[in-house]
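Reading through the structure tokens given below for one structure.
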Amino acid sequence: MASTTAPAPRARARRAAGARHTLRLRASAAVLAALVLAVLLVPLLFPLDQQAVDLAGKLRPPSAAHPFGTDEVGRDLLLRCVYGLRVSLLVGVVAALTATVAGTAVGALAGALGGAADRTVMRLVDLFSSVPHLLLGIFIVAMFRPGVWPVILSVALTHWLSTARIVRAEVLSLRSRPYLDAALTGGASRWRITVRHLLPAVLPQAGLAAVLMVPHAIWHESALSFLGLGLPAHEASLGIMANAARSSLLAGDWWPTLFPGLFLIVPTLAVAGLAGAWRERLNPRRRSELTL
Amino acid sequence: MTTRHPLAALPWGPMARMAARRALTAVPVLLAVTLGVFAIAAASPFDPVRAYAGTAGLTASQENLDQIRHNLGADRPLLGRWWDWLTHALTGDLGDSAALRAPVSQVIGERLGWSVLLCALAFTLAVAAGTALGVLAARRRGGLLDRAVTATAYVLEAAPPYWLGLLAVWLGALQLGILPAGGLTDTGSATATAGQIARHLALPVLVLATSQLPWFVLYVRQGVADALDEDPVRGARARGLRERTVLRHHALRAGLLPVLTLIGSRVPELITGALLVETVFSWPGIAAATVQAATSVDFPLLAALTALATAAVLAGNLLSDLLYGLADPRVGFDG
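Top to bottom, those sequences are chains H and B.
Residue 142 in the working numbering sits at position 142 of the first sequence, and the numbers go up by one each step.
Residue 166 in the working numbering sits at position 166 of the second sequence, and the numbers go up by one each step.
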């Protein structure tokens with residue numbers, strides 16, 4: 001009824017919103033695909049020699065030869081940004097996967113066991129969320145000295161909480177469903193119920209959490225690296241590039257600072273766009289939930 | 001008839017009881033966090049003796065190193081060291097910071113005020129600007145203004161605060177040349193005047209506020225827009241009330257309260273932002289000291305600051321719940 005009697009302007013507005021939605025989804029997918037392709041293919045085609053310096057061509061502003069300009073020792077910034085994103089993506093994906101697997105295991109365990117185990121796990125989650133994540137990350141990295149694994153560890157250790165919460169809530173709501181009663185009546189073991197019935201049901205939610213966590217993990221890694229506490233300097237991630245650009249920024253050269261930051265923002269927005277579409281497909285009514 | 005002061009009408013008794021209960025539950029949390037901090041340090045390759053001895057440790061004899069280890073108490077088990085630290089901390093002795101060459105309690109005392117000043121100003125600005133922009137965007141959801149505000153909020157949310165800080169330095173200090181790029185006072189100036197400090201505060205406050213802004217904008221927008229779809233608003237419109245009246249008296253009250261009660265839970269994000277912004281602007285606050293402490297593996301300072309940050313987060317949560325109970329009497333103060 002509403003569709004036939006709704007006033008024309010409103011229907012048009014809704015169509016326009018729908019078109020924008022589709023456009024945003026396609027643009028996000030295209031941007032993300034382009035970035036992933038670049039990160040995978042560019043190193044094969046254009047090897048980056050971190051040692052190769054060209055002091056005569058240092059700090060050139062963006063031009064046709066160097067679209068992003070050159071850095072303080074004359075290296076091409078576009079190429080360095082792609083390599084930096086490659087490092088950041090790698091660390092981000094590994095950290096996000098680790099955190100999601102840990103969070104899913106902990107959350108499913110808490111939800112499936114219930115009782116004292118559940119209370120203990122939730123206390124632990126509360127405990128971890130009462131320390132600011134970047135501070136905990138800084139502490140861990142400072143104690144274990146900079147390196148790839150301490151960074152991944154520190155990101156994973158601070159990011160499993162949200163997944164654990166989501167998965168636990170999902171498992172708790174699943175436990176009262178009739179098909180689980182049916183499985184129990186059929187004589188299925190606790191293990192079988194968890195693996196065959198509970199985990200597959202929470203996987204879409206956990207997958208969404210993992211995808212949304214990658215930008216978070218990258219953000220975290222870049223912040224640690226910017227502070228000089230993250231990856232070692234030869235793993236030139238985007239945060240390290242932004243840190244290295246500080247001296248040239250004070251001399252007025254903006255491009256070595258601007259472009260690494262843009263390379264962090266664009267994939268984050270693309271992932272958010274994709275995850276938003278996925279979320280609406282999973283459950284059109286619960287749009288505003290699951291903001292990490 | 002005498003009117004009671006509005007403050008006297010607040011349920012002070014239940015609120016005080018809730019605060020006391022929270023203070024009690026904060027004790028085990030702080031104990032667990034500090035113990036965790038000591039456990040991480042014990043599991044790491046970090047060696048307090050080498051940190052203490054510095055370069056002299058490279059040439060010192062094993063005997064001397066062992067003596068230092070004994071003097072520092074580093075040869076004792078984890079629980080013993082933690083307990084020593086805790087009992088000393090209760091008397092106000094948090095150990096000495098090697099990085100800043102001062103007692104930890106003195107470092108905190110000198111720097112905490114500057115951080116609180118920066119964070120309080122930035123937070124107030126973020127709440128005010130975020131509320132205004134969120135309400136403006138919610139008034140016509142899907143309109144041009146709404147889309148512009150929302151898109152900007154998403155971009156700012158994705159932008160790292162340190163990067164915003166660097167761009168602000170470039171724009172404010174280098175291009176426009178109106179604001180200093182960092183520090184607390186002008187170089188070469190021995191005294192700190194209020195005007196100088198205000199000029200040095202401007203950029204860090206703006207950047208920290210900008211980094212906190214998106215969350216407020218998006219939540220206020222969501223809350224007010226949802227409230228505008230509710231029955232009381234529809235009823236008010238049907239009675240022919242002006243849109244301004246509807247917005248101010250019906251939608252804002254319902255839509256803003258849940259958001260404003262959440263501001264206490266933003267303390268972790270505020271601390272995260274301060275860690276990055278203070279470092280970029282060389283602000284002499286506690287967050288910049290944390291980064292310095294981490295760079296030089298200054299364990300006593302890091303341990304104390306982690307405990308301090310945890311206490312701040314717990315206080316923020318308490319504030320959140322108190323405001324929530326005040327805003328919605330059905331919730332009460334039982335938590």
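Even for Gly, the Cβ is constructed at its ideal location relative to N, Cα and C.
All values reported here derive from a predicted model rather than from experimental measurement.
Span of the alpha helix (DSSP H) around residue i
i	result
Gln196(B)	Ala194 to Leu228
Val331(B)	That residue, Val331(B), is in no alpha helix (DSSP H); it is neither H nor E in DSSP.
Leu336(B)	In the structure displayed, chain B extends from 1 to 335; residue 336(B) sits before or after that span and is not available.
Ala293(B)	Ile286 to Thr295
Phe144(H)	His133 to Phe144
Asp146(B)	Leu144 to Ala158
Pro6(B)	Run containing Pro6(B): none; DSSP gives neither H nor E here.
Pro150(H)	Val148 to Arg175
Which of helix, strand or coil DSSP assigns to residue i
i	result
Asp384(B)	The structure shown does not extend to residue 384(B), since chain B is modelled only from 1 through 335, so no value can be given for it.
Ala2(H)	Low per-residue confidence applies at Ala2(H): pLDDT is 44, beneath 50, and the placement is therefore not dependable enough to give any value.
Ser44(B)	coil
Asp93(B)	coil
Pro28(B)	helix
Arg287(H)	Because the pLDDT at Arg287(H) is just 44, under 50, the model does not fix this residue reliably, and the point stays unresolved.
Ala29(H)	helix
Met1(B)	Model confidence at Met1(B) stands at a pLDDT of 49, short of 50, so the residue's coordinates are unreliable; what they give is reported in the following sentence. Coil, per DSSP.
Leu292(H)	For Leu292(H), the predicted model reports a pLDDT of 32, less than 50, meaning its position is unreliable; a value from the coordinates is still stated below. In this structure, Leu292(H) counts as coil in the three-state DSSP scheme.
Ala102(B)	strand
Leu174(B)	helix
Thr185(H)	helix
Trp191(H)	helix
Ser344(B)	The structure shown has nothing for residue 344(B), since chain B only spans 1 to 335.
Asp336(B)	No answer is possible for residue 336(B): it lies beyond the span of chain B, which begins at 1 and ends at 335.
Leu72(B)	helix
Ala181(B)	coil
Ala38(H)	helix
Thr124(B)	helix
Trp114(B)	helix
Phe38(B)	helix
Thr310(B)	helix
Nearest candidate by alpha-carbon position, reference residue i, set the options
i	options	result
Pro267(H)	Lys58(H), Asp118(H), Ala27(H) and Arg20(H)	Ala27(H)
Leu109(H)	Glu280(H), Ala169(H), Pro178(H) and Leu40(H)	Ala169(H)
Gln196(B)	Gly130(B), Leu206(B), Gly182(B) and Ala209(B)	Gly182(B)
Leu166(B)	Arg281(H), Pro256(H), Ala34(H) and Gly187(H)	Pro256(H)
Thr272(B)	His200(B), Thr261(B) and Cys119(B)	Cys119(B)
Pro268(B)	Val131(H), Leu274(H) and Arg175(H)	Val131(H)
Gly143(B)	Leu274(H), Ala270(H) and Ala17(H)	Ala17(H)
Pro329(B)	Pro258(B), Ala89(B) and Val116(B)	Pro258(B)
Ala293(B)	Arg15(H), Phe139(H) and Leu134(H)	Phe139(H)
Arg266(B)	Met18(B), Gln212(B), Ala148(B) and Leu203(B)	Gln212(B)
Leu35(B)	Ala327(B), Pro103(B), Thr306(B) and Leu247(B)	Thr306(B)
Val224(B)	Ala129(B), Leu206(B), Pro204(B) and Ala254(B)	Ala254(B)
Leu269(H)	Ala11(H), Arg12(H), Leu25(H) and Ala13(H)	Leu25(H)
Leu136(H)	Ala287(B), Ala327(B) and Phe333(B)	Ala287(B)
Leu318(B)	Thr91(B), Arg17(B) and Ala168(B)	Arg17(B)
Gly177(B)	Leu250(H), Val151(H), Thr70(H) and Ala183(H)	Leu250(H)
Val73(H)	Ala275(H), Leu274(H) and Ala244(H)	Ala244(H)
Leu308(B)	His70(B), Arg111(B) and Leu100(B)	Arg111(B)
Tyr154(B)	Gly276(H), Arg15(H) and Arg14(H)	Gly276(H)
Ser189(H)	Ala112(H), Arg15(H), Leu262(H) and Leu153(H)	Ala112(H)
Ser173(H)	Leu157(H), Ala201(H) and Ser154(H)	Ala201(H)
Leu30(B)	Ser129(H), Leu153(H) and Phe144(H)	Ser129(H)
Thr158(H)	His216(H), Gly115(H) and Ser248(H)	His216(H)
Between the region 294 to 309 of chain B and the region 96 to 109 of chain B, are three or more C-beta pairs nearer than 8 Å?
yes
What ranges does the alpha helix (DSSP H) occupy inside the region 211 to 284 of chain H, keeping only unbroken runs of at least 4 residues that lie completely in it?
238 to 244, 246 to 250 and 255 to 282
In chain order, which continuous runs of the alpha helix (DSSP H) of length 4 or greater are located wholly inside the region 51 to 130 of chain H?
77 to 113 and 115 to 129
For the 8 Å Cβ check, are there 3 or more pairs between the region 105 to 124 of chain H and the region 160 to 175 of chain H?
yes
Tell me, please, whether the region 163 to 176 of chain B touches the region 128 to 143 of chain B by the rule of three or more beta-carbon pairs shorter than 8 Å.
no
Would you check if the region 81 to 101 of chain H and the region 274 to 283 of chain H touch, i.e. whether three or more CB-CB distances between them fall below 8 Å?
no
Which runs of the alpha helix (DSSP H) at least 4 residues long sit entirely within the region 220 to 274 of chain B? Give them in chain order.
231 to 238 and 252 to 260
Could you say if the region 194 to 206 of chain H and the region 73 to 89 of chain H meet the contact criterion of at least three C-beta pairs nearer than 8 Å?
no
Answer yes if the region 277 to 285 of chain B comes into contact with the region 73 to 91 of chain B, meaning at least three C-beta pairs across the two stretches below 8 Å, and no otherwise.
no
Touching or not, the region 225 to 237 of chain H and the region 178 to 188 of chain H, by the rule of three or more beta carbon pairs under 8 Å?
no
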